[in-house]
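Have a look at the structure below, then the notes.
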Amino acid sequence: MEYNRRVGAGRTAEVFEHGDKTIVKLYLEDFSPAAVEQEYRVSSYVYNQGSVRTPRPAGLIEAEGRRGIVFQQIHGRSLLGQISGQPWRVSVYAKQLAALHYQLHQLEGSPELGQHKEQLHSQIVAAPMLTMEEKTAVLEHLQRLPEGGRLCHGDFHPDNVLIDADGAWIIDWMNGISGNPAADAARSVLLFSMGAMPPGSSFTARVVTGFIRQKLTKVYIREYLRLSGRSYAEINAWVLPVAAARLIEGVPAAEKEQLAKEIRRRLRSRRKS
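Dropping the structure here:
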């Protein structure tokens, strides 16, 4: 299989131009084939619903021992790029992000996508850095939270929204699943507000990034609550299990330390209440 210049790369895959109108997302050699198939399944499901703009998945491929997915190519800039280029408009972009998230939560999920609470349970059991007692407390909390059957993105943040002349596109459905929208929103809040800066970052960069994150999180939550009619407590209740589940991901050690600290703070708070 032939493909052209690389246009993107992440922790799990590289993205290459593939002809004039498509790209190929090529996963690393040791990446789970089941996870590739899951992303294709969820992407196809969302695309076929028609009410959320997402690139058309054109098929599964295999090249040089690596599996991948061919997608419609979108010539746009990520919302993260927009925020970085115009940080003074972060409130506008945060509202747009909340509206897009609320829109996708209007779609029903499907049994074929899996169930979020079941997935969280498995991830928490496997999470490093937590004692068995801490895991048990988190799982007991998770058990009391309400099930849901709506479409959840599972990794909704500004870098997974592309903007072109026609509007916004939502990409990267690898973690898409059926569940409670409040849990999906909690995951986004966690992604917006946490994250270790690269080593060697200047004091100014840390201050500016911290301000942008704080503003993005605050405006996103306010707008999402306004649109959905949910309470902050509904979303906040999911932060504990979502944070614990994130510990199994390949995030930097400093971010895992942040997560573990937040988990323990919340567990202490629950014991006192």
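Quick note: to get our numbering, add 2 to the position in the sequence shown (first position is 1). C-beta atoms are modelled at their ideal positions from N, C-alpha and C, and glycine is treated no differently.
Subject >> Cβ distance (whole Å) where Leu28 is taken to contact Ala60 below 8 Å >> reply: Between Ala60 and Leu28 the Cβ distance is about 14 Å, and since that is not below 8 Å, they are no contact.
Original post:
Straight-line CA distance for His107 to Glu39?
Top reply: 22 Å
Subject >> From Asn182, Pro130, Ala129, Pro243, residue whose alpha carbon lies closest to that of Ser230 >> reply: Asn182
**OP:** Between the Cα of Ala188 and those of Gln117, Gly156, Arg266, spot the shortest distance and give me the residue it belongs to.
**Re:** Gly156
Original post:
Is Leu153 closer than 7 Å to Leu109 when the C-beta atoms are compared?
Top reply: yes
**OP:** Using DSSP bridges, identify the partner residues of His123.
**Re:** For His123, which the question treats as bridged, DSSP gives no partner whatsoever.
**OP:** Report, in whole angstroms, the separation of the C-beta atoms of Trp175 and Val48, which I expect to be a contact under 8 Å.
**Re:** 6 Å
Original post:
Can you tell me whether DSSP reads Gln108 as helix, strand or coil?
Top reply: coil
Original post:
Going by the beta-carbon positions, is the gap between Tyr222 and Ala100 smaller than 7 Å?
Top reply: yes
Original post:
Is it the case that the Cβ atoms of Ile76 and Pro57 are separated by a distance below 7 Å?
Top reply: yes
Original post:
Taking the continuous alpha helix (DSSP H) assigned at Arg30, which residues delimit it?
Top reply: Correcting the residue type first, residue 30 is Leu in the shown sequence and not Arg. Careful: Leu30 lies outside any alpha helix (DSSP H) and carries neither H nor E.
Subject >> Beta bridge counterpart(s) of Gln117 as assigned by DSSP >> reply: Ser180
**OP:** Going by DSSP, name the residue or residues bridged to His20.
**Re:** Thr24
Subject >> Separation of Leu261 from Met196, as counted between CA atoms >> reply: 8 Å
**OP:** With DSSP collapsed to three states, give me the class of Val54.
**Re:** coil
Subject >> Close Cβ partners of Lys217 (< 8 Å) along its chain, the five nearest in sequence each way excluded >> reply: Val92, Ser93, Ala96
Original post:
Taking just the CA atoms, how far does Ala129 sit from Arg268?
Top reply: 17 Å
Subject >> Chain-order list of residues whose beta-carbon lies under 8 Å from that of Ala139 (same chain, five-residue window excluded) >> reply: Leu269, Arg272
Subject >> For Gly169 and Lys220, the rounded distance between their alpha carbons >> reply: 24 Å
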